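Heads up: the sequence shown is residues 273 to 638, going by the UniProt record's numbering.
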Amino acid sequence: QKGSYKHFMLKEICEQPEVLEQCMRGRVKASEGQLLLGGLAMHMDRLAAATRIIIVACGTSWHAALLGEYLIEHLARIPVEVEYGSEFRYRNPILFKEDVLIAVSQSGETADTLAALQLAKQHKCLCIGVCNQVGSSIARETDGGVYLHAGPEIGVASTKAFTAQIFTLSMIALKIAHRRGEIDDDSLKSKLQAMTELPGLLKRVIDQKETVLQMAKVYRYASNFLYLGRGFNFPVALEGALKLKEISYIHAEGYPAAEMKHGPIALIDQFMPVVVIAPKSDPNYHKLQSNIEEVLARGGAVIAITEDDNHDLDNCDYVIRVPTTDEFLMPVLAVAPLQLMAYYIADMRGCNVDQPRNLAKSVTVE
Ligand code: M6R
Numbered sequence: 273q274k275g276s277y278k279h280f281m282l283k284e285i286c287e288q289p290e291v292l293e294q295c296m297r298g299r300v301k302a303s304e305g306q307l308l309l310g311g312l313a314m315h316m317d318r319l320a321a322a323t324r325i326i327i328v329a330c331g332t333s334w335h336a337a338l339l340g341e342y343l344i345e346h347l348a349r350i351p352v353e354v355e356y357g358s359e360f361r362y363r364n365p366i367l368f369k370e371d372v373l374i375a376v377s378q379s380g381e382t383a384d385t386l387a388a389l390q391l392a393k394q395h396k397c398l399c400i401g402v403c404n405q406v407g408s409s410i411a412r413e414t415d416g417g418v419y420l421h422a423g424p425e426i427g428v429a430s431t432k433a434f435t436a437q438i439f440t441l442s443m444i445a446l447k448i449a450h451r452r453g454e455i456d457d458d459s460l461k462s463k464l465q466a467m468t469e470l471p472g473l474l475k476r477v478i479d480q481k482e483t484v485l486q487m488a489k490v491y492r493y494a495s496n497f498l499y500l501g502r503g504f505n506f507p508v509a510l511e512g513a514l515k516l517k518e519i520s521y522i523h524a525e526g527y528p529a530a531e532m533k534h535g536p537i538a539l540i541d542q543f544m545p546v547v548v549i550a551p552k553s554d555p556n557y558h559k560l561q562s563n564i565e566e567v568l569a570r571g572g573a574v575i576a577i578t579e580d581d582n583h584d585l586d587n588c589d590y591v592i593r594v595p596t597t598d599e600f601l602m603p604v605l606a607v608a609p610l611q612l613m614a615y616y617i618a619d620m621r622g623c624n625v626d627q628p629r630n631l632a633k634s635v636t637v638e
């Protein structure tokens with residue numbers, strides 16, 4: 273039920289702090305420095321010894337998978353490839369029995385992701401599921417996995433499932449990293465501590481709904497949007513753009529910020545709002561600052577997402593502030609304002625937010 277919320281999507285955005293709590297329950301024990309992922313326990317040796325991990329997914333789940341690549345490579349130092357289920361299954365991919373395949377899917381029923389998983393099974397790869405829907409086809413066909421525990425997602429546009437996916441992939445990355453000795457006990461403990469603080473921080477972001485609503489009023493008539501981010505926040509830029517286009521029907525593109533110079537900069541004028549995820553925790557923050565200056569110099573409007581105490585970007589048209597957290601967790605905080613902005617713009621444009629035209633919640637046919 274929607275309760276007092278106008279749409280399921282808004283409810284699902286707002287309940288994300290509780291979703292993080294559910295996702296961590298019984299798994300993250302920060303004071304003891306323990307991370308328990310029961311569904312992976314019997315596969316940890318093989319996971320930690322993997323020479324390659326392939327993550328397959330579609331849509332929003334593919335964006336989560338991309339962040340999964342960045343997280344696993346950064347923390348656990350295992351090479352990762354991210355694949356669209358539809359491309360993977362039809363391009364005669366090279367698979368070795370030592371490979372590990374992770375299928376990421378909210379519904380657990382997406383036809384292309386399921387078919388990619390079945391292909392990997394034929395090659396005797398270890399197959400792991402990251403699903404929300406308990407007992408779904410992907411959950412049943414994998415050797416093990418980690419459920420999101422995000423609760424039913426009714427809005428066709430995925431929000432809380434994305435957040436739970438990136439959070440779950442963070443847990444998986446940390447678990448493998450610790451098992452491989454890439455991070456020590458103290459480092460694991462401090463990262464788990466940062467995770468336990470995240471629901472409270474995310475609530476503070478969502479409590480700024482009114483600020484996002486005011487901003488959405490200004491940009492609701494735009495025809496195009498650009499979203500830029502680097503590193504861990506590049507997948508967030510892609511996801512922000514997808515949210516806007518699927519529910520408001522505004523054309524939006526996500527780009528790695530440094531790619532702007534290689535083409536999209538030609539599009540920038542006073543009619544092109546550019547959302548830049550620019551936390552100071554980003555190791556390339558100064559390069560993001562330069563990108564912002566380049567947009568402003570061409571008359572583009574910049575909406576910046578950065579930390580509470582950062583006033584370097586006050587010359588932007590709007591600054592959405594998020595609390596400081598460990599760099600690898602910033603995507604969880606940065607995506608919420610983008611979800612809210614897409615929601616408010618779509619609602620103000622009179623769109624059917626929970627059931628956007630032409631879209632199905634789960635794509636079970638090709
Ligand atoms: O159920 P899945 O996560 O496998 O679904 C994948 C995509 O179809 C899904 O994420 C889609 O892109 C949503 N409309 C995103 O909001």
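Using N, Cα and C, we set each Cβ at its ideal position, and we do this for glycine too. No experiment lies behind these values; they were computed from the predicted model shown.
Using the beta-carbon count (16 or more within 10 Å), is residue i buried or exposed?
i	result
proline 628	buried
histidine 523	exposed
phenylalanine 497	buried
aspartate 384	buried
serine 379	buried
histidine 279	buried
phenylalanine 600	buried
lysine 463	buried
proline 555	exposed
glutamate 518	buried
isoleucine 410	buried
asparagine 558	Position check: residue 558 holds histidine in this sequence, whereas asparagine was assumed. Looking at its Cβ environment, which holds fewer than 16 other Cβ atoms inside 10 Å, histidine 558 is exposed.
lysine 515	buried
glycine 512	buried
histidine 335	buried
arginine 412	exposed
aspartate 457	exposed
arginine 361	buried
Helix, strand or coil: which one does DSSP assign to residue i?
i	result
leucine 343	helix
cysteine 330	coil
cysteine 295	helix
histidine 421	coil
proline 551	coil
alanine 449	helix
proline 365	coil
glutamate 284	helix
asparagine 505	helix
valine 637	coil
proline 628	coil
isoleucine 444	helix
proline 471	helix
valine 484	helix
isoleucine 540	coil
histidine 335	helix
valine 428	coil
glutamate 454	coil
Mind reading off the beta-carbon distance from residue i to residue j? Whole number of angstroms is fine, and I expect it under 8 angstroms.
i	j	result
tyrosine 521	cysteine 623	7 angstroms
methionine 602	phenylalanine 504	6 angstroms
leucine 420	cysteine 403	7 angstroms
glycine 305	cysteine 330	Actually they do not touch by this definition, with Cβ atoms about 36 angstroms apart.
valine 508	alanine 606	5 angstroms
glutamate 293	valine 328	Actually they do not touch by this definition, with Cβ atoms about 28 angstroms apart.
residue 237	isoleucine 540	The question about residue 237 has no answer, for the chain in this structure spans 273 to 638.
valine 372	leucine 319	6 angstroms
Once you ignore the five residues that flank residue i on each side, which residues in its own chain have a CB closer than 8 angstroms to its CB?
i	result
lysine 432	Glu284, Ile285, Glu287, Gln288, Val291, Ala422, Gly423 and Glu425
isoleucine 350	Ala322, Thr323, Arg324, Ile325, Ile344, Ile448 and Arg452
isoleucine 478	Ile285, Cys286, Gln288, Pro289, Ala608 and Leu612
Could you name the residues of the same chain whose beta carbon sits closer than 6 angstroms to that of residue i, not counting the 5 residues immediately before and after it, in chain order?
i	result
leucine 312	Gly416
residue 723	One cannot answer for residue 723 here, as it falls past the ends of the chain, which runs 273 to 638.
cysteine 588	Val574 and Ala576
valine 546	Leu498, Val567, Gly572 and Val574
Go through its chain and collect everything with a Cβ distance to residue i's Cβ below 7 angstroms, but skip five positions before and after it.
i	result
threonine 414	Ala375, Leu389, Cys399, Ile400 and Gly401
valine 591	Ala576, Thr578 and Leu585
alanine 348	Ala445, Ile448, Ala449, Arg452 and Glu454
serine 430	Thr332 and Gln378
lysine 369	His395, Lys396 and Cys397
asparagine 563	Leu500, Ala529, Met532 and Val548
leucine 612	Ile285, Lys481 and Val484
lysine 552	Thr578, Glu579 and Asn582
valine 637	Ala383
Inside the segment 553-611 only - alpha helix (DSSP H) runs reaching at least 4 residues
Secondary structure remark: continuous alpha helix (DSSP H) runs of at least 4 residues inside the segment 553-611, in chain order: 557-569.
Ignoring anything shorter than 4 residues, give me the alpha helix (DSSP H) runs that lie fully in the segment 374-406, in order along the chain.
List check, alpha helix (DSSP H) in window: 383-394.
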